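Colleague: Order-wise, the sequence lines are chains A and B. Residues in the first sequence are numbered consecutively from 1, following full-length UniProt numbering. Residues in the second sequence are numbered consecutively from 1, following full-length UniProt numbering.
2 protein chains.
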Amino acid sequence: MADTGWPGCAKSLKGVILDLCGVLYDSGEGDGVAIPGSIEAVKRLKESDLQLRFCTNETQATREKFVAKLQRLGFGISVSEVFPPAPAAIAVLKERGLRPHLLVHDGLLPEFDAVDKTNPNCVIVGDAAENFSYQNLNEAFRVLIGLEKPVLFSLGQGRYYKETDGLKLDVGVYMKALEYACDLKAEVIGKPSPTFFQSVLSDMGLKPHEALMIGDDLVNDVGGAQHCGMKGVQVRTGKYRHTAGSDSGQGHLPHCDARVLEWSLASSPVRIPPPQGGRFVHGRGRGPGQTDRWSWELGQRRRKVWTTAGGSRAAPGRWSGQAG
Amino acid sequence: MADTGWPGCAKSLKGVILDLCGVLYDSGEGDGVAIPGSIEAVKRLKESDLQLRFCTNETQATREKFVAKLQRLGFGISVSEVFPPAPAAIAVLKERGLRPHLLVHDGLLPEFDAVDKTNPNCVIVGDAAENFSYQNLNEAFRVLIGLEKPVLFSLGQGRYYKETDGLKLDVGVYMKALEYACDLKAEVIGKPSPTFFQSVLSDMGLKPHEALMIGDDLVNDVGGAQHCGMKGVQVRTGKYRHTAGSDSGQGHLPHCDARVLEWSLASSPVRIPPPQGGRFVHGRGRGPGQTDRWSWELGQRRRKVWTTAGGSRAAPGRWSGQAG
């Protein structure tokens, strides 16, 4: 069995997949704002030997417009590196001969320009935001309820995301609404669909255990990646909210990775090392009341990362800060 | 055990509870329209020895305005006979010291005039219709997600209802949306809550087996009533849609009641008899390929009601029409 702790992960790691909104930037008015340290994080990852892709459930714009926004924010990211759900959905429509009724954001519509939408025999729901009016939801509902075999595709299943002016409801909420109204189960295209993650892995030519997914969504990013055999870690930016059970070390995350990468990626300066450099050092605490000490050692520099209750690997405890 | 067939039901029956929208009228522009035969049905029921109440999940208007609309449509119904969810919700708020954020129809707001809504510690969602904008749903979501112990009340849990211009999404759809967004379970006030049905029974001074609920919603009217020990039957008007499994005789309904009352109530002229008058006559078919014949006999008149496969009481079959 693969070592799921950080040292094992670091050894086999050949690629990193980053979520975008909530990890690299917070969306909001205009282009939103980059999260401090994240532009440098991307730069450092690209300079490393790791492959890097971006996997997003963003459906408010075409891939081209979305990447242009990221570039304006300062990220050195190109269109071919970014994987959103809409192109994957279009491939499914073609494969199954389906014509969609679209309940999506105006910004996403051009992505479907070449798709036959006459006499729809399925519904696609994306993050339509202000387009989620009562009237539009009714319209999608009536298409579905009028079909002999209703088919609903949801471009993601997120509950909410963070914009600069607060939390906003995501597509999953409206997917659930339509599921309940029509007594059906939607097919999710995008994270956490295994097919979606697999398409990114294929593009990198990597096996699941060689890749690490970093996101702010415990279910769709972290859980979805882990379900595919990848490593998955959660950052504390974006939609992350500290509640009982929401944190790492509760069984959902490999107990080292989350905090290390949160520390590495979301803080500035960025400390993601190339895989051949540095190592984690584990100083085991002795006896009850003592603490284990986990550090990152790179050349002559050693930084204390966190401490855990003595002898416990399973439940990392008090976060001891970045300096050491 | 009580006889759940129609003759047994008719013997013990002392009260009838009618759903309103979809049973007596179809809502829509203006006041909507009365369903043919329903005005006369209410009149005849009131002339009988049966007690009569109206139990609705209507939350688009105050009880007074709602009843005024029914009166304009021609129904002899008074405010004290009508049980909607909002007054029940206000009683719960008082009992538990809660201050609501309201996501409801403008028409319902005056019902909550006397309720303290400052610094809300719960959310009430009703059939808000056009008020179900993205912005308003976000606002309710943010109230809930900001509470340490979020409490969501839903005034009903219907999936959809019929208006004169088509099917419309009901409150249950938005309840599910908020449940998913906040990872919580709403408390439903209104049908099918047993507390709600019990309050109507108490008002009539009847035991559950003495009352019959008639509605167009298999889950919230029929199922809810049966769950309380009442009889429940579905009419074929309103949101009723014929699909596999949606009809009576599939185990959800006492096999006689649904079709008889559908015939009695939704057709014109209405044939709901006073309980002391008339009786059902069951002519049993003999052998395979024969049909059982169920008839309603009142004085010298006998009407064929329906036929079923020979010897089968459990699965009434082909509807044979109203004349006999």
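For every residue, glycine included, the Cβ atom is placed at its ideal position computed from N, Cα and C. Note that this is a predicted model, so its numbers are computed, not measured.
Curious, which full-length beta strand (DSSP E) runs of at least 3 residues does the segment 183–237 of chain A contain?
Modeller: 211–215 and 231–234
Colleague: DSSP beta-bridge partners for residue 112 of chain B?
Modeller: Here residue 112 of chain B refers to the residue found at position 112 of the second sequence. In the DSSP output, where bridge partners are listed per residue, residue 112 of chain B has none listed.
Colleague: Buried or exposed, going by whether 16 or more other CB atoms sit within 10 Å of the CB of residue 62 of chain B?
Modeller: Residue 62 of chain B sits at position 62 when you count from the first residue of the second sequence. So residue 62 of chain B counts as buried.
Colleague: Is residue 166 of chain A helix, strand or coil by DSSP?
Modeller: Residue 166 of chain A sits at position 166 when you count from the first residue of the first sequence. The answer is strand: DSSP assigns residue 166 of chain A an E or B state.
Colleague: Could you please give the first and the last residue of the uninterrupted beta strand (DSSP E) stretch that includes residue 51 of chain A?
Modeller: As a position in the first sequence, residue 51 of chain A is number 51, starting the count at 1. In the DSSP assignment, residue 51 of chain A falls within the beta strand (DSSP E) that extends over 51–55.
Colleague: Counting only Cβ-Cβ distances shorter than 7 angstroms, please list the residues of the segment 143–177 of chain B near chain A, keeping chain order.
Modeller: 145, 159, 160, 166, 167, 168, 169, 172, 173, 174, 176 and 177
Colleague: To which residues of the same chain is residue 171 of chain B closer than 8 angstroms at the C-beta, ignoring the five residues directly before and after it?
Modeller: One-based indexing of the second sequence puts residue 171 of chain B at position 171. Hits under 8 angstroms: 57, 59, 125, 126, 127, 128, 154, 155, 156, 157 and 158.
Colleague: Reducing DSSP to helix, strand and coil, say where residue 123 of chain A ends up.
Modeller: By one-based count along the first sequence, residue 123 of chain A stands at place 123. Correct three-state label for residue 123 of chain A: strand.
Colleague: To the nearest angstrom, how far is it from the Cα of residue 140 of chain B to the Cα of residue 133 of chain B?
Modeller: Here residue 140 of chain B refers to the residue found at position 140 when the second sequence is read from its first residue. Here residue 133 of chain B refers to the residue found at position 133 when the second sequence is read from its first residue. Those two C-alpha atoms are separated by around 11 angstroms.
Colleague: Any idea which residues DSSP pairs residue 100 of chain A with across the strands?
Modeller: Taking the first sequence and counting its residues from 1, one reaches residue 100 of chain A at position 100. DSSP lists A:122 as the bridge partner or partners of residue 100 of chain A.
Colleague: Tell me, please, whether the CB atom of residue 133 of chain A is closer than 8 angstroms to any CB atom in chain B?
Modeller: Indexing the first sequence from 1 puts residue 133 of chain A at position 133. It does: the Cβ of residue 133 of chain A has a partner Cβ on chain B nearer than 8 angstroms.
Colleague: Is DSSP giving residue 23 of chain B helix, strand or coil here?
Modeller: Taking the second sequence and counting its residues from 1, the one referred to as residue 23 of chain B is at position 23. Coil, per DSSP.
Colleague: Looking at the unbroken beta strand (DSSP E) that takes in residue 75 of chain A, where does it start and where does it end?
Modeller: For this step, residue 75 of chain A is matched to residue 75 along the first sequence. Residue 75 of chain A -> no beta strand (DSSP E), and no H or E assigned at all.
Colleague: Compute the beta-carbon to beta-carbon distance between residue 41 of chain A and residue 74 of chain A, rounded to the nearest angstrom, for a pair I have assumed lies under 8 angstroms.
Modeller: Taking the first sequence and counting its residues from 1, one reaches residue 41 of chain A at position 41. Taking the first sequence and counting its residues from 1, one reaches residue 74 of chain A at position 74. Rounded, the Cβ-Cβ distance is 12 angstroms, inconsistent with contact.
Colleague: Could you give the distance in angstroms between the alpha-carbon of residue 221 of chain A and the alpha-carbon of residue 209 of chain A?
Modeller: Start at 1 with the first residue of the first sequence, and residue 221 of chain A comes out as number 221. Start at 1 with the first residue of the first sequence, and residue 209 of chain A comes out as number 209. When rounded, the distance between both Cα atoms is 15 angstroms.
Colleague: Can you have a look at residue 234 of chain B and say buried or exposed, based on whether 16 or more other CB atoms are within 10 angstroms of its CB?
Modeller: The sequence position of residue 234 of chain B within the second sequence is 234, counting from 1. The residue in question, residue 234 of chain B, is buried, as its Cβ has 16 or more Cβ neighbours within 10 Å.
Colleague: Which first and last residues belong to the alpha helix (DSSP H) in which residue 48 of chain B is found?
Modeller: For the purposes of this step, residue 48 of chain B is taken as the residue at position 48 of the second sequence. That residue, residue 48 of chain B, is in no alpha helix (DSSP H); it is neither H nor E in DSSP.
Colleague: I'd like to check one pair, residue 92 of chain A with residue 189 of chain A: are the Cβ atoms closer than 8 angstroms?
Modeller: If you number the first sequence from 1, residue 189 of chain A lands on position 189. If you number the first sequence from 1, residue 92 of chain A lands on position 92. Their beta carbons are under 8 angstroms apart, which means residue 189 of chain A touches residue 92 of chain A by this criterion.
Colleague: When DSSP labels each residue in this structure, what does residue 332 of chain B get in the three-state scheme?
Modeller: Past the boundaries of the shown model lies residue 332 of chain B; chain B is included only from 1 to 324, so the question cannot be answered.
Colleague: Determine the direct distance from the alpha carbon of residue 32 of chain A to that of residue 72 of chain A, and round the result to whole angstroms.
Modeller: To locate residue 72 of chain A, count along the first sequence from 1; it is residue 72. To locate residue 32 of chain A, count along the first sequence from 1; it is residue 32. Roughly 10 angstroms between the two C-alpha positions.
Colleague: What residues from chain A crowd round residue 181 of chain B, counting only those whose CB sits closer than 7 angstroms?
Modeller: For the purposes of this step, residue 181 of chain B is taken as residue 181 along the second sequence, with counting starting at 1. Residues of chain A passing the Cβ test: 159, 160, 169 and 173.
Colleague: Over the uninterrupted alpha helix (DSSP H) stretch that includes residue 141 of chain A, give me the two end residues.
Modeller: Residue mapping note: residue 141 of chain A aligns to position 141 of the first sequence, counting from 1. Where residue 141 of chain A is concerned, the enclosing alpha helix (DSSP H) stretches over 134–145.
Colleague: Note down the Cα distance separating residue 100 of chain A from residue 116 of chain A, rounded to an integer number of angstroms.
Modeller: Numbered from its first residue, the first sequence carries residue 100 of chain A at position 100. Numbered from its first residue, the first sequence carries residue 116 of chain A at position 116. Cα-Cα distance, rounded: 8 angstroms.
Colleague: By the 10 Å Cβ neighbour count, where 16 or more other Cβ atoms means buried, how is residue 19 of chain B classified, buried or exposed?
Modeller: Counting from 1 along the second sequence, the entry for residue 19 of chain B is found at position 19. Classification of residue 19 of chain B: buried, given that the 10 Å Cβ count is 16 or more.
Colleague: In this structure, how does DSSP classify residue 18 of chain A when only helix, strand and coil are distinguished?
Modeller: Counting from 1 along the first sequence, the entry for residue 18 of chain A is found at position 18. Reduced to three states, the DSSP call for residue 18 of chain A is strand.
Colleague: Taking only beta-carbon positions, decide if residue 121 of chain A is within less than 8 angstroms of chain B.
Modeller: As a first step, residue 121 of chain A must be located in the first sequence, where it is residue number 121. Cβ-Cβ to chain B under 8 angstroms: no for residue 121 of chain A.
Colleague: Identify the contact partners of residue 130 of chain A in chain B, using a Cβ-Cβ distance below 9 angstroms as the criterion.
Modeller: For this step, residue 130 of chain A is matched to residue 130 along the first sequence. Within chain B, the residues near residue 130 of chain A are 133, 134 and 135.
Colleague: Could you compute how far the alpha carbon of residue 185 of chain A sits from the alpha carbon of residue 89 of chain A?
Modeller: Translated into positions along the first sequence, residue 185 of chain A becomes position 185. Translated into positions along the first sequence, residue 89 of chain A becomes position 89. If I take the Cα positions, the gap works out to 16 angstroms.
Colleague: Please state if the CB of residue 230 of chain A and the CB of residue 51 of chain A are separated by a distance shorter than 8 angstroms.
Modeller: As a working note, residue 51 of chain A is residue 51 in the first sequence. As a working note, residue 230 of chain A is residue 230 in the first sequence. No; because the gap between Cβ atoms is not below 8 angstroms, this pair is not in contact.
Colleague: Going by DSSP, which residues form a beta bridge with residue 34 of chain A?
Modeller: Against the first sequence, residue 34 of chain A aligns to sequence position 34. In the DSSP assignment, the residues bridged to residue 34 of chain A are A:25.
Colleague: Rounded to the nearest angstrom, what separates residue 144 of chain B and residue 152 of chain B at their Cα positions?
Modeller: Position 144 of the second sequence, counted from the start, is the residue given in the question as residue 144 of chain B. Position 152 of the second sequence, counted from the start, is the residue given in the question as residue 152 of chain B. Going by the C-alpha atoms only, they are around 8 angstroms apart.
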